[in-house]
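Participant: Numbering (the numbering used here), first residue to last: 3 to 315.
Rendered as structure tokens:
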């Protein structure tokens, strides 16, 4: 039920620096910039990471800025920048709020990214949650779920192999409009983000993958079972990559306070904890490491790739 290589639990990471919500940003990220992103991306690329992810917010209202911050790099620009300094790691939008833009505009950006990166794009999409953002861009916030549903259908057409894609829906209607370059991939994977009942249904019926949002590991078996039921009811047979976001990690014995939820210890101890995700039916995990500097983070990435990664088969 997956579209990443079979036989092992894959691991990827959301990039630091490019989004700095107080929920997860480390203190050192406030002064970090493009050079730090390059070094982190290169470390992940050589350490066997399946993907690097970048978030999407156009603008953050003052009422949310204290918690979310206003640091949100554009995902297309960020992933294209990092495509040029990496070779293997895939490039994931986690998640693009595609309903904020016309599907043809989104397709142009992400098809070009896939073309330039040699076919490394994974398009992660979500409905969005910031009402003021929708209002400023003239998009109906209350109908964002329905908008996303049609956007996925339209993007499948617009990111397909046809130079002149066509889509005829309630919100978007296009044909006879050519877009080159086409994506390098014959099929661009679309992973759907979110853990609400509507998001899980959307992932089951329309997605190539599911990106949960904040589900603790004890809730995942129920969600995964629901994915399976919904797919069976809808007659969907294409592969589905099931994801999970792990607890914070620290490879080794930390000498500082990494937080009570952080999983730390030897490579085998961490791998044993993470293999439980595979036993639930998870195919890929998104990891985040506690760190006090870029150097400590790249050391953690390297230690995970060399020590923990080989034990996740």
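The beta-carbon is built from N, C-alpha and C at its ideal position, and this holds for glycine as well. Here the structure is a predicted model, which is why all the values come from computation and not from measurement.
If we call anything under 8 Å between Cβ atoms a contact, is residue 73 one with residue 132?
Facilitator: no
Participant: Return the residue from the list 279, 272, 123 that minimises the CA-CA distance to residue 222.
Facilitator: 279
Participant: Any idea if residue 125 is buried or exposed, counting beta-carbon neighbours within 10 angstroms, 16 or more meaning buried?
Facilitator: buried
Participant: Nearest by alpha-carbon distance to residue 208: which of 153, 28, 214, 51 is it?
Facilitator: 153
Participant: Is residue 3 helix, strand or coil when you go by DSSP?
Facilitator: Per-residue confidence for residue 3 stands at a pLDDT of 41, beneath the threshold of 50, marking its modelled position as unreliable; the derived number appears in the next sentence. Of the three classes helix, strand and coil, the one that applies to residue 3 here is coil, per DSSP.
Participant: Look at the alpha carbon of residue 296 and the alpha carbon of residue 18, and state the distance between them as a whole number of angstroms.
Facilitator: 10 Å
Participant: May I ask which residues mark the beginning and end of the alpha helix (DSSP H) holding residue 203?
Facilitator: 199-208
Participant: So, at 8 Å on beta carbons, what are the nonlocal neighbours of residue 175 in its own chain, with the 5 sequence-adjacent residues on each side left out?
Facilitator: 169
Participant: Could you give the first and the last residue of the continuous beta strand (DSSP E) run that contains residue 20?
Facilitator: Element bounds for residue 20: n/a, residue is neither H nor E.
Participant: May I ask you to report which of helix, strand or coil DSSP gives residue 112?
Facilitator: In the displayed model, residue 112 falls within a helix according to three-state DSSP.
Participant: Please confirm if the region 108-121 is in contact with the region 133-151, defined as three or more CB-CB distances below 8 Å between the two stretches.
Facilitator: no
Participant: According to DSSP, is residue 249 helix, strand or coil?
Facilitator: coil
Participant: Rounded to whole angstroms, what is the Cα-Cα separation between residue 98 and residue 127?
Facilitator: 5 Å
Participant: What do you reckon, are the CB atoms on residue 316 and residue 215 nearer than 8 Å?
Facilitator: The chain is shown only over 3 to 315; residue 316 falls outside these bounds and no answer can be derived.
Participant: So residue 55 is in the beta strand (DSSP E); what residue range does that whole segment cover?
Facilitator: It spans 53-56 - the beta strand (DSSP E) in which residue 55 sits, taken as one unbroken run.
Participant: Is the number of C-beta pairs between the region 232-239 and the region 266-273 that are closer than 8 Å three or more?
Facilitator: no
Participant: On the DSSP letters alone, give me the boundaries of the alpha helix (DSSP H) that residue 168 sits inside.
Facilitator: Looking at the DSSP string, residue 168 is not in any alpha helix (DSSP H), and its letter there is neither H nor E.
Participant: Taking just the CA atoms, how far does residue 156 sit from residue 106?
Facilitator: When rounded, the distance between both Cα atoms is 8 Å.
Participant: Taking only the alpha-carbon atoms, compute the straight-line gap between residue 251 and residue 113 and give it to the nearest angstrom.
Facilitator: Taking the CA atoms as reference points, residue 251 sits about 34 Å from residue 113.
Participant: Between residue 312 and chain B, is the shortest Cβ-Cβ distance under 8 Å, so that the two count as touching?
Facilitator: Looking at the structure shown, chain B is missing, and only one protein chain is on hand.
Participant: Taking 8 Å as the threshold, find out whether the region 28-44 comes into contact with the region 296-306 through three or more Cβ pairs.
Facilitator: yes
Participant: Throw me the rounded Cβ distance for the residue 228 and residue 202 pair, which I believe falls under 8 Å.
Facilitator: 6 Å
Participant: In terms of residues, what are the limits of the alpha helix (DSSP H) holding residue 146?
Facilitator: 146-160
Participant: Using DSSP's beta-bridge definition, name the partner residues of residue 243.
Facilitator: 211
Participant: In this structure, does DSSP put residue 143 in helix, strand or coil?
Facilitator: coil
Participant: Per DSSP, what kind of secondary structure is residue 310 in: helix, strand or coil?
Facilitator: helix
Participant: Hey, quick one: how far does the beta strand (DSSP E) through residue 35 stretch, first residue to last?
Facilitator: Counting along the chain, no beta strand (DSSP E) covers residue 35, and no H or E run does either.
Participant: Is the beta carbon of residue 54 sitting closer than 8 Å to the one on residue 91?
Facilitator: yes
Participant: With DSSP as the reference, label residue 131 as helix, strand or coil.
Facilitator: Here residue 131 sits in coil by DSSP.
Participant: By the DSSP assignment, the alpha helix (DSSP H) with residue 65 in it spans what residues?
Facilitator: 64-70
Participant: What does a CB cutoff of less than 8 Å around residue 69 pick up in its chain, not counting 5 residues either side in sequence?
Facilitator: 23, 24, 25
Participant: How would you label residue 89, buried or exposed, when you count the other beta carbons within 10 angstroms and need 16 or more for buried?
Facilitator: exposed
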